[in-house]
Amino acid sequence: MKATSSLRQLALRLTLFTRANCSLCDDAKAVLERTRNTRRFEYTEIDVMVTGYDKWKALYEFDTPVVHVDQAQELKERASQGEGTTAQAKKLMHRFTEAQLRATMDEVEHNKAVILAAIAACGVSPIVRVAEGQHWMIKRALDAGAHGIMVPLVRTVAEARNIASYSRFPPSGTRGLGSPFSMEKFHPDLTQVQYFQQANEATLVILQIETAEALESVAEIAAVPGVDALLVGPFDLGNSIGHPVLKPEYDVELEEAIMKIHKAAQAAGKWTAIYCGSGASARKYADLGFNMVNTMNDVGALKQGFASAVEDARGSYVHAGLEGIRHGMEKMTSK
């Protein structure tokens, strides 16, 4: 009984630090086989998961290498020096980081996934869009390793102040330092004290201005200390002010609202960002002085890529067919 208990503890310890799809050593698999009726484990032949693992991981993201403070600081410095930044809205995380981007936006407003490992490891700053500006949502994103947070549908100056406070440690804010899993994963050599000292400067806080209410107070929102950037959400903003986006070209009233946000941010010494559905749109707003432009999202990129590949394939079939007809006619006329 003593030996069995010891083996179970060993298996539990091994499993806690084992990722999905990882082949375990024969001894560990033998231990798990002997404990399969305890209901402590759910597993296939080589995949092992502690019961409750997914929920725990979702709360703490403990297997994710997270913030490199100098990398996040570089992102902020580039914009302060007038250098533009391109970003990619991401649901598929890894390969897109190779596209010479400086930041990716990880969508958790409409999606529960928080996947930062591939982004930070590739030298691209992960920015997490939380569902709303609640303290626990912001804390979870930053503790998981986000270089910055983006908050949608900000409406008032009071909301902006709260978000800025939740995102930074005292004395600048009210963020607590307490995650037992995050410190060692920000950087192998980064101590808790160093992170505490540097995180406030490195963390990027972006507020989405996409309601008529926020538009009225945009100058005051932009002036809130701790707010780094205002991001225009054209679709929600258009709906809110009565000029929905129904065609590629925005209504004049929506364009004027977008530029009002841009001017307010620039006057306050903050960045302006905007969601764009294409590279051409991103270029347009970059030329207008926007500091951050979203190029497109991964779903659009995949759709465009597949459509292009299918079109190329169809073109080759047509070409082959026409060549066949041409050769056939040449044979007929030569007889």
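Mature numbering (1 follows the signal peptide of the UniProt record, and there is no 0) puts the sequence shown at residues -22 to -1, 1 to 313.
We put the CB at the ideal spot given by N, CA and C, even for glycine.
Remember, predicted model here, so these are calculated numbers, not experimental data.
State the Cα-Cα distance for the pair residue i and residue j, rounded to the nearest angstrom.
i, j, result
"Trp249", "Pro212", "17 angstroms"
"Val106", "Asp290", "36 angstroms"
"Ile252", "Tyr173", "30 angstroms"
"Thr152", "Val288", "52 angstroms"
"Ile239", "Asp121", "30 angstroms"
"Gly247", "Ala197", "11 angstroms"
"Pro226", "Arg261", "15 angstroms"
"Leu(-7)", "Ser103", "Caution applies to Leu(-7), whose pLDDT of 29 falls short of 50 and renders its modelled position unreliable; the model cannot decide the point."
"Gly156", "Asp206", "24 angstroms"
"Tyr263", "Val271", "7 angstroms"
"Gly267", "Val230", "19 angstroms"
"Asp265", "Glu308", "55 angstroms"
"Ala279", "Ala258", "14 angstroms"
"His165", "Glu234", "43 angstroms"
7 angstroms is my cut-off, CB to CB: does residue i come that close to chain D?
i, result
"Val132", "Considering every chain present, this structure includes no chain D. It has just one protein chain."
Which of the three DSSP states is assigned to residue i in this structure?
i, result
"Val132", "coil"
"Gly126", "strand"
"Asp41", "Here the model assigns Asp41 a pLDDT of 33, short of 50, so the residue's position is not dependable, and the following value carries that caveat. In this structure, Asp41 counts as coil in the three-state DSSP scheme."
"Thr152", "coil"
"Ser286", "helix"
"Val271", "strand"
"Glu308", "helix"
"Ser145", "coil"
"Val108", "coil"
"His113", "helix"
"Leu120", "helix"
"Leu266", "coil"
Who are the near neighbours of residue i in its chain, counting only those whose CB is closer than 8 angstroms to its CB and skipping five residues on each side?
i, result
"Tyr228", "Pro212, Gly216, His221, Ile236"
"Leu232", "Pro212, Leu215, Gly216, Ile219, His221, Val223"
"Ser145", "Ile116, Leu120, Ile127, Gly151, Arg153, Thr181, Val183, Gly204"
"Ile187", "Val132, Leu193, Val196, Ile199, Leu208, Leu209, Val210, Gly211, Leu215, Ile239"
With DSSP as the reference, identify every bridge partner of residue i, one or two as the case may be.
i, result
"Val171", "Its beta-bridge partners do not exist; DSSP assigns none."
Near residue i, what residues of its chain come up, given a Cβ to Cβ distance below 6 angstroms and the 5 sequence neighbours on each side ignored?
i, result
"Ala243", "Ala200, Leu208, Thr250"
Quick one: what's got a C-beta closer than 7 angstroms to residue i's C-beta in the same chain, skipping five residues either side?
i, result
"Val202", "Val135, Ala138, Arg139, Ala142"
"Ala190", "Ser218, Ile219"
"Thr169", "none"
"Phe147", "Arg153, Leu155, Phe174, Ala177, Asn178"
Worksheet entry | Within the segment 175 to 257, ranges of the alpha helix (DSSP H) (whole runs, at least 4 residues) | You should have 190 to 194, 196 to 200, 212 to 218, 230 to 245.
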